[in-house]
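Asks: Residue numbers (the numbering used here), protein chains in the order written: chain X, 1 to 205; chain F, 206 to 482.
The beta carbon of each residue, even a glycine, is placed where N, CA and C say it ideally should be.
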Amino acid sequence: MLELNRDIAERIKLVKVILLGCSAGGFQLTFELLSKLPSGFPLPVIVIIHRSPKYKSAVEDILNDKGNLPVRLAMDKEKMVKGIIYFAPPDYHLLIEPNGELTLDYSEPVHYCRPSIDISFESFSDVYTKDVLAILLSGANEDGAEGMDYVSRAGGITVVQDPDSAEVKIMPEAAISRTNIDLILKDQEIFELMDAITNLKSHIS
Amino acid sequence: MSPDPHHYDISFDELEEVISLVKNIYEFDFDGYSRASLKRRMSRIMQLKRINLYDLRSLLVNSSSFFDEFLLEITVNVTEMFRDPGFYRALREKVLPYLSSYPKIKTWNAGCSTGEELYSFAILMAEENLYDRSFLYGTDINSKVIEFAKRGVYSLKNMKQYSENYIALGTSHTLADYYVAKYDAASIQHQLKKNTLFSVHNLVSDGVFNEFQIVSCRNVLIYFNTELQNKVIELFYDSLCPLGFLCLGSKESLRNEKMAKKFKVIDKVEHIYQKIA
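Written out as structure tokens, the structure reads:
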């Protein structure tokens, strides 16, 4: 059973947005995590996954059908609201404005990736500072490690999938070796964390 | 010791100061630009140049050649030939046949960067036998990218990648028909350049300069806030002839209701609109 210490629990109560990044080997877990979020989930969820823009991906549509929350590709200058899952569109970086509007960006790929996890994590951290909870799962490159470090320095909560339970360890290991991560969790514990977030946030709102 | 990346960071408040500094000295107004994107671009310049905020301010005040570089770096100049082949297919199938009876087809590529998109339009016009009647205007805020676009010389490595886009469009030619390769460079053929004109134009401060049958502005509006996006779309509206076509990027659309009413959707997926009122 996942046990959160008091400090983390208190910080979770303040969180305003959940960020989730993954790449190779992380899609299945991402899908299951998102599809189990209850309707009326008290936070917006931003998802950055690496995928080719050349092939149309149906992950948002399937999630929309199977899950409890509305899922959509982030639109430019759309106001981010709680209870919605936003995916970064393939081939664009996803940023957030200080006024809470999502912004798309077509600048250079980072670590050969667009969307880049680093870029999104940094942008959300710039606006929401400590009130960010960032989760990094399985992946085959080091995108995300710098973003996690950035979130951590701003006082946000960092969560990494235990490399031993990740299909591809490179991404979680890169983050762990770079930053003092708050929670390194096995798959089951990540599900429990999402439940805990739901409970902690629901009690205060 | 590796440098602390935060050393080169800039806060949103500091960003406002730099924006007003640039406005006062150089009369470039970035007020309507996306703060999220600008902040990232400015941190990037500071990292590249290894300068802190103090240095950045003093370079901006004291060096107009630094400002040229600054301008180049804070705007995004990433572009491709035939990016989104589906868009060019829609242009070929839904827009060009409509314009084929026109004596002149003037296209404005706003925010043309280094010219790849404008030359893609030129190729499409040539293939539809419309090139001789076409005038293609490319404008950008940056004089450096305009010079680059005029030369029309691209790396052969990039051309190979653009070739894939071009093939996906489905034509009987190959992209190599349109450039001359020399060592590792590909230079756009002279015949394709003769009806093109590149010049500096700032969408924030400059107005209508001609009347066009097509205005294409793709992946530029995303760097603006909603207010500036609306203002620029009005500029495009005013620049279009009656029944002229407006082409936006794959993630940009006419969401402002007042403007949306003045256009008809020609292709919903590729964001092509026609001025109807």
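Would you please verify whether the beta carbon of F/Ile477 is less than 9 Å from any beta carbon of chain X?
Replies: Here residue 477 of chain F refers to the residue found at position 272 of the second sequence. Chain X, which has no Cβ nearer than 9 Å to the Cβ of F/Ile477, makes this no.
Asks: Hey, is F/Asn257's beta-carbon within less than 9 Å of any beta-carbon in chain X?
Replies: Here residue 257 of chain F refers to the residue found at position 52 when the second sequence is read from its first residue. False, the Cβ-Cβ gap to chain X never drops below 9 Å.
Asks: Given the structure, does F/Asp382 come close to the ligand MG, in the sense that its CB is under 8 Å from one of the ligand's heavy atoms?
Replies: Here there are no bound small molecules, and the ligand MG is not part of this structure.
Asks: Please decide whether F/Lys349 counts as near chain X, where near means a Cβ-Cβ distance under 9 Å.
Replies: Here residue 349 of chain F corresponds to residue number 144 of the second sequence, with the count starting at 1. No, because no Cβ of chain X sits closer than 9 Å to the Cβ of F/Lys349.
Asks: At least one CB of chain F closer than 9 Å to the CB of X/Leu104: is that the case?
Replies: Here residue 104 of chain X corresponds to residue number 104 of the first sequence, with the count starting at 1. Yes, because at least one Cβ of chain F sits closer than 9 Å to the Cβ of X/Leu104.
Asks: Look at the alpha carbon of X/Leu183 and the alpha carbon of X/Ile157, and state the distance between them as a whole number of angstroms.
Replies: Within the first sequence, numbered from 1, the residue matching residue 183 of chain X stands at position 183. Within the first sequence, numbered from 1, the residue matching residue 157 of chain X stands at position 157. Roughly 8 Å between the two C-alpha positions.
Asks: Under the rule that 16 or more other beta-carbon atoms within 10 Å means buried, what is X/Asp7, buried or exposed?
Replies: Here residue 7 of chain X refers to the residue found at position 7 of the first sequence. Under this definition X/Asp7 is an exposed residue.
Asks: If F/Gly449 and F/Ile419 are in contact, beta carbons under 8 Å, what's the gap, nearest whole angstrom?
Replies: What you label residue 449 of chain F is simply residue 244 of the second sequence in a count that begins at 1. What you label residue 419 of chain F is simply residue 214 of the second sequence in a count that begins at 1. So it is a contact: roughly 7 Å between Cβ atoms.
Asks: Relative to the C-alpha of F/Asp214, which candidate in F/Leu226, F/Ile250, F/Gly357 and F/Val227 has its C-alpha closest?
Replies: What you label residue 214 of chain F is simply residue 9 of the second sequence in a count that begins at 1. In terms of Cα proximity to F/Asp214, the closest of F/Leu226, F/Ile250, F/Gly357 and F/Val227 is F/Ile250.
Asks: Going by beta-carbon coordinates alone, are X/Pro42 and X/Lys82 separated by less than 9 Å?
Replies: As a working note, residue 42 of chain X is residue 42 in the first sequence. As a working note, residue 82 of chain X is residue 82 in the first sequence. Their beta carbons are under 9 Å apart, which means X/Pro42 touches X/Lys82 by this criterion.
Asks: Got a sec: is the Cβ-Cβ distance from X/Thr86 to anything in chain F below 9 Å?
Replies: Locating residue 86 of chain X in the first sequence gives position 86, counting from the first residue. The sequence shown places Tyr at residue 86 of chain X, rather than the Thr named in the question. Among the residues facing chain F, X/Tyr86 is not included, as its CB has no counterpart in that chain under 9 Å away.
Asks: Could you name the residues of the same chain whose beta carbon sits closer than 7 Å to that of F/Val281, not counting the 5 residues immediately before and after it, in chain order?
Replies: The residue given as residue 281 of chain F occupies position 76 in the second sequence. If we look at F/Val281 and ignore the five residues flanking it on each side, its Cβ neighbours are Tyr428.
Asks: In whole angstroms, what separates the C-alpha of F/Val425 from that of F/Val437?
Replies: In the second sequence, the residue the question calls residue 425 of chain F occupies position 220. In the second sequence, the residue the question calls residue 437 of chain F occupies position 232. F/Val425 and F/Val437: Cα-Cα distance of roughly 10 Å.
Asks: Can you check whether the CB of X/Val59 is closer than 9 Å to the CB of X/Tyr86?
Replies: By one-based count along the first sequence, residue 86 of chain X stands at place 86. By one-based count along the first sequence, residue 59 of chain X stands at place 59. The answer is no: Cβ separation not under 9 Å.
Asks: Taking CB distances under 9 Å as the criterion, tell me whether X/Met75 reaches chain F.
Replies: Start at 1 with the first residue of the first sequence, and residue 75 of chain X comes out as number 75. It does; some Cβ of chain F falls within 9 Å.
Asks: F/Asn407 by DSSP, collapsed to three states: which one?
Replies: Here residue 407 of chain F corresponds to residue number 202 of the second sequence, with the count starting at 1. Coil, per DSSP.
Asks: Go ahead and label F/Pro308 buried or exposed: buried means 16 or more other beta carbons lie within 10 angstroms of its beta carbon, across all protein chains shown.
Replies: Numbered from 1 along the second sequence, position 103 holds the residue referred to as residue 308 of chain F. By the neighbour-count rule (16 or more Cβ atoms within 10 Å), F/Pro308 is not buried but exposed.
Asks: Rounded to whole angstroms, what is the Cα-Cα separation between X/Asn199 and F/Glu416?
Replies: If you number the first sequence from 1, residue 199 of chain X lands on position 199. If you number the second sequence from 1, residue 416 of chain F lands on position 211. Spanning the two alpha carbons is a distance of roughly 59 Å.
Asks: Could you say which of X/Ser23, X/Leu33 and X/Tyr112 lies nearest to X/Pro186 if we only look at CA atoms?
Replies: Position 186 of the first sequence, counting from 1, holds the residue named residue 186 of chain X. According to the sequence provided, residue 186 of chain X is Lys. The question's Pro does not apply to it. For X/Lys186, the nearest C-alpha among the options comes from X/Leu33.
Asks: Enumerate in chain order the residues of its own chain whose CB-to-CB distance from F/Leu304 is below 6 Å, with the five nearest sequence positions on each side excluded.
Replies: The count along the second sequence starts at 1 and reaches residue 304 of chain F at position 99. If we look at F/Leu304 and ignore the five residues flanking it on each side, its Cβ neighbours are Ile310 and Gln418.
Asks: Sorted by chain position, which residues of the same chain lie with C-beta nearer than 6 Å to F/Trp313's C-beta, five sequence neighbours on each side aside?
Replies: Translated into positions along the second sequence, residue 313 of chain F becomes position 108. The answer, listed in chain order, is Tyr342, Phe417 and Val420.
Asks: Which residues in the same chain have their Cβ closer than 6 Å to the Cβ of X/Ile135, if we skip the five residues on either side of it in sequence?
Replies: In the first sequence, the residue the question calls residue 135 of chain X occupies position 135. The residues are Leu20 and Val159.
Asks: Under 6 Å Cβ to Cβ from X/Lys16, same chain only, skipping five residues before and after it: list those, please.
Replies: Numbered from 1 along the first sequence, position 16 holds the residue referred to as residue 16 of chain X. Once the five neighbours on either side are set aside, the close Cβ partners of X/Lys16 are Tyr128 and Asp131.
Asks: Can you name, in chain order, every residue of its own chain whose Cβ lies under 6 Å from the Cβ of X/Pro89, other than the five neighbours on each side?
Replies: Translated into the one-based positions of the first sequence, residue 89 of chain X becomes position 89. Counting only Cβ-Cβ distances below 6 Å, and skipping sequence neighbours, we find Leu73.
Asks: In chain F, which residues lie less than 8 Å from X/Ser107 when you measure between Cβ atoms?
Replies: Walking along the first sequence from the start, residue 107 of chain X turns up at place 107. Using a Cβ-Cβ cut-off of 8 Å, X/Ser107 is close to Ser242, Arg245, Arg246, Val281 and Val283 of chain F, given in chain order.
Asks: Which residues in chain F sit within 8 Å of X/Leu95, going by Cβ to Cβ distance?
Replies: On the first sequence, residue 95 of chain X is found 95 positions in, with the first residue counted as 1. Near X/Leu95 (Cβ distances below 8 Å), the residues of chain F are Ser239, Ala241, Ser242 and Arg245.
Asks: Which partner residues does F/Gly343 have in the DSSP bridge list?
Replies: Here residue 343 of chain F is taken as the residue at index 138 of the second sequence, counted from 1. For F/Gly343, which the question treats as bridged, DSSP gives the partners F/Asn314 and F/Phe403.
Asks: Could you check what DSSP says for F/Val358 in three-state terms: helix, strand or coil?
Replies: On the second sequence, residue 358 of chain F is found 153 positions in, with the first residue counted as 1. Strand.
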